[in-house]
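Mapping to the working numbering: the sequence shown position 17 is 640, numbers consecutive.
Before any comments, here is the structure.
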Amino acid sequence: MTEVHYGVVRVGDRWSIIGDNLRFGAYETRDAARAAALRLAEHPAGLGLPVVMHEQEDDWMLRRPTVLS
């Protein structure tokens, strides 16, 4: 089955949301970017696609991904 992957990553001094052929947002905090990514993830989840969230830590390391649906 196809999965949708989103990532919350630091770009310079801002946080962005990335995905397959996707990069948007310039959020001041990781929490703000995470909240926006979770709202975005609701749409593919409504179509029955599992959503996997990747989130970068403040120290630039990526967490283990979380399956949202």
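Idealized CB from N, CA, C, for every residue including glycine.
**Message:** Check this for me: beta carbons of G648 and A664, under 8 Å apart or not?
**Reply:** Contact check for G648 against A664 fails: the beta carbons are separated by 8 Å or more.
**Item:** C-alpha gap between G630 and M684, whole angstroms
**Value:** 12 Å
**Prompt:** Hey, would you say the C-beta of R637 is under 7 Å away from at least one heavy atom of the ligand ZN?
**Reply:** Ligands displayed in this structure: none; no statement on the ligand ZN is therefore possible.
**Item:** Spatially closest choice to E680 from R657, T625, H628 and V674, by CA coordinates
**Value:** R657
**Message:** Check this for me: beta carbons of E651 and R637, under 8 Å apart or not?
**Reply:** yes
**Asked** Among all the DSSP beta bridges, which residues are the ones paired with T689?
**Response** M676
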